[in-house]
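Engineer: I'd like to ask you about the structure that follows.
Chains as they are written, first to last, in my numbering: chain U, -4 to 87; chain V, 14 to 400.
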């Protein structure tokens, strides 16, 4: 059974469908093949990088931008407030 | 496609009510206590918890007068008792004039009647008579097209965009297909999803209005010097896995399904045409729902991930969660479980159809959990300072 949901085929992050401890083999919805393994805990509902994402690169979920990476992100890592920043509504 | 119906109350003005409530309306914060005492003594009374009326900018005063009157004329309301102190800036006589047109309207003035106790005694008598008259009204077959439905979300988490919001979208499309009016709201929570809405604008004018509404919101936010991060998404949203306002917005916009946007509404403005509209409201849930209900929504549907118990003074609020833990832990505050979508045992369309059936039952008299628990939230958007 899938433990990570990819909402749109363009997405660079998936959503954990249960708490995924470090070292968990990822199984994607729709049975798509993957060799992805979590490199840290991804709590239920939180995001996991599906691909390598460099600083300044747009991160895609729902097939659209949810902000930019502010750090090097490797596949299997958690993507959240520590490495993803909004480009909207922020005071600059 | 069959045209569906529900059991509602036909009003003289052509609108259809889902409830028979008597609104008790303080015209200022100083008469709020007397109004609350009146409402507490009669079953079927609905207190509008308004605490302004003095020391507000002209725009807020005008908005309050109009919005309180809209509640008095709401399809779910059969009569109104306005409780005034007598010296407030808000013109209670003007409010009473604007409130007329639905059921009976009475104005009580504390300083003229000689105090709280006399006002409460007179008010209870009036509300009781209005409620008693309403008890003889009977429900009739009414078309779903006579419904106006608000779409709201609060206490969102990652499950909102995966389950409850898409299910609400399927429900919204079913309502639109029946000719109902459906209103999506919460401008600040759509920053980053406006391109999706603009693509579905029915006309270039609607597209321009959608874009300028979102741009004005973002410009205003930046002008305050506040950083949106940490507020939108809220700390609870972040704990639930939502990182940025864009991510929240892309999940939020799913509540509107796939229908075209036919109108952009100001806060509390009634949609003039059937179909899916967008209302400019804040992300603050009680204030947003208060605006939706002012526009004539007989029912508001409300998705939540982390669990939000809220209701409204005159409109049933139907709550849906896509989070299995919230359903198990806080299900006593929820009306519908959408977590079956994530579990894979039901499709988005199946849960949307269940929500549609539930909303028609609620419109026909079935009480929501928020009604059973006595929720009566009312919180008006205020733009200026109170001085």
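The beta-carbon is built from N, C-alpha and C at its ideal position, and this holds for glycine as well.
Given the structure is predicted, the values throughout are model-derived calculations rather than measurements.
1. Use the C-beta contact count for residue 175 of chain V: other C-beta atoms within 10 angstroms, 16 or more gives buried, fewer gives exposed.
2. Does the stretch 83 to 93 of chain V come close enough to the stretch 33 to 43 of chain V to have 3 or more Cβ pairs within less than 8 Å?
3. If we cut at 7 Å on Cβ distances, does residue 59 of chain U have a partner in chain V?
4. For residue 213 of chain V, I'd like the list of residues in its chain whose CB is within less than 6 Å of its CB, leaving aside the five on either flank, ordered along the chain.
5. With 9 Å as the C-beta to C-beta threshold (strictly closer), list the residues of the stretch 290 to 305 of chain V near chain U in chain order.
6. Name the chain V residues that come within less than 8 Å of residue 62 of chain U, Cβ to Cβ?
7. Three Cβ pairs or more, each shorter than 8 Å: is that satisfied between the stretch 46 to 62 of chain V and the stretch 189 to 201 of chain V?
8. According to the Cβ coordinates, are residue 21 of chain U and residue -1 of chain U closer than 7 Å?
9. Rounded to the nearest angstrom, what separates residue 83 of chain U and residue 197 of chain V at their Cα positions?
10. Starting from residue 174 of chain V, find everything on chain U with Cβ-Cβ shorter than 8 Å and list it in chain order.
11. Find the nearest neighbour of residue 39 of chain U within the set V:14, V:254, V:123, judged by alpha-carbon distance.
12. Is there a C-beta anywhere in chain U that falls below 7 Å from the one on residue 197 of chain V?
13. Within 7 Å of any Cβ in chain V, is that where the Cβ of residue 70 of chain U sits?
14. Strictly below 8 Å CB to CB, what residues from chain V border residue 12 of chain U?
15. Can you find the residues in the same chain that come closer than 6 Å, C-beta to C-beta, to residue 387 of chain V, ignoring five residues on each side of it along the sequence?
16. Is residue 400 of chain V near the ligand MG - that is, is its Cβ less than 6 Å away from at least one heavy atom of it?
17. Are there 16 or more other CB atoms within 10 angstroms of the CB of residue 394 of chain V, so buried, or fewer, so exposed?
18. Determine, using beta carbons only, whether residue 79 of chain U comes closer than 7 Å to chain V.
19. Nearest by alpha-carbon distance to residue 215 of chain V: which of V:29, V:300, V:276 is it?
20. My guess is that residue 311 of chain V and residue 161 of chain V are in contact by the Cβ rule of under 8 Å, so how many angstroms apart are they, rounded?
21. Any idea if residue 16 of chain U is buried or exposed, counting beta-carbon neighbours within 10 angstroms, 16 or more meaning buried?
22. What are the boundary residues of the alpha helix (DSSP H) that residue 119 of chain V is part of?
23. In chain V, which residues lie less than 7 Å from residue 76 of chain U when you measure between Cβ atoms?
24. Could you name the residues that DSSP lists as bridge partners for residue 343 of chain V?
25. Could you tell me the boundaries of the alpha helix (DSSP H) in which residue 120 of chain U lies?
26. Output, in sequence order along the chain, the residues in the stretch 25 to 44 of chain U whose CB is closer than 8 Å to any CB in chain V.
27. I want to verify the contact list: residues of chain U whose CB lies under 8 Å from the CB of residue 264 of chain V, in sequence order.
28. Write down every uninterrupted run of the alpha helix (DSSP H) in the stretch 82 to 109 of chain V whose length is 4 residues or greater and which is fully enclosed by it, in chain order.
29. Spatial neighbours of residue 376 of chain V within its chain, please: C-beta separation below 7 Å, excluding the five flanking residues on both sides.
30. Count the other CB atoms within 10 Å of the CB of residue 87 of chain U; is the residue buried (16 or more) or exposed (fewer)?
31. Along the chain, where does the beta strand (DSSP E) containing residue 196 of chain V start, and where does it finish?
32. Give the DSSP bridge partners of residue 276 of chain V, in chain order.
33. Residue 78 of chain V and residue 97 of chain V - do their beta-carbons sit closer together than 7 Å?
34. Is it buried or exposed, residue 41 of chain U, if we count other Cβ atoms within 10 angstroms and call 16 or more buried?
35. At 7 Å on the CB atoms, spell out the chain U contacts of residue 170 of chain V, in chain order.
36. What is the DSSP secondary structure of residue 80 of chain U, reduced to helix, strand or coil?
Structural biologist: Once the coordinates are examined:
1. Around the beta carbon of residue 175 of chain V, 16 or more other beta carbons lie within 10 angstroms, which makes this residue buried.
2. Segments in contact, yes.
3. Nearest CB-CB separation between residue 59 of chain U and chain V: below the 7 Å threshold.
4. Excluding sequence positions up to five before and after residue 213 of chain V, its CB lies within less than 6 Å of the CB of 273, 274, all in the same chain and listed in chain order.
5. Residues: none.
6. By Cβ distance, chain V contributes 256, 257, 259, 260.
7. Note that the stretch 46 to 62 of chain V does not touch the stretch 189 to 201 of chain V; fewer than 3 beta-carbon pairs, one per stretch, sit closer than 8 Å.
8. Yes, these two residues count as a Cβ contact at 7 Å.
9. So the two alpha carbons sit approximately 21 Å from each other.
10. Chain order gives the chain U residues near residue 174 of chain V as 2, 57, where near means a beta carbon separation below 8 Å.
11. Taking only the C-alpha atoms, the option nearest residue 39 of chain U is V:254.
12. Chain U contact via Cβ: absent.
13. No, no contact with chain V.
14. Neighbours of residue 12 of chain U in chain V, taken as residues at a C-beta separation under 8 Å, are given in chain order as 355.
15. So no residue of the chain qualifies.
16. With respect to the ligand MG, the structure shown offers nothing to examine, as it has no ligands at all.
17. By the neighbour-count definition (other C-beta atoms within 10 Å, threshold 16), residue 394 of chain V is a buried residue.
18. Output row for residue 79 of chain U: interface = yes.
19. The shortest Cα separation from residue 215 of chain V among V:29, V:300, V:276 belongs to V:276.
20. Residue 311 of chain V to residue 161 of chain V, Cβ: 6 Å. Contact.
21. By the C-beta density criterion, residue 16 of chain U is exposed, having fewer than 16 other C-beta atoms within 10 angstroms.
22. Premise fails: residue 119 of chain V lies in the beta strand (DSSP E), 118 to 122, not in any alpha helix (DSSP H).
23. Residues of chain V passing the Cβ test: 251, 256.
24. Bridge pairing for residue 343 of chain V: absent [DSSP].
25. One cannot answer for residue 120 of chain U here, as it falls past the ends of chain U, which runs -4 to 87.
26. Within the stretch 25 to 44 of chain U, the residues whose Cβ lies closer than 8 Å to some Cβ of chain V are 38, 39, 40, 41, 42, listed in chain order.
27. In chain order, 57 make up the part of chain U whose C-beta sits under 8 Å from the C-beta of residue 264 of chain V.
28. Qualifying alpha helix (DSSP H) stretches: none in this window.
29. Excluding positions up to five away in sequence, the list reads 19, 21, 31, 160, 311, 312.
30. In this predicted model, residue 87 of chain U has a pLDDT of only 47, less than 50, meaning its place in the structure is not dependable enough to derive any value.
31. Per DSSP, residue 196 of chain V belongs to the beta strand (DSSP E) from 194 to 197.
32. Per DSSP, V:290.
33. Going by C-beta atoms, residue 97 of chain V is not nearer than 7 Å to residue 78 of chain V.
34. By the C-beta density criterion, residue 41 of chain U is buried, having at least 16 other C-beta atoms within 10 angstroms.
35. What residue 170 of chain V touches in chain U: 40.
36. In the structure shown, residue 80 of chain U adopts extended strand secondary structure according to DSSP, grouped into three states.
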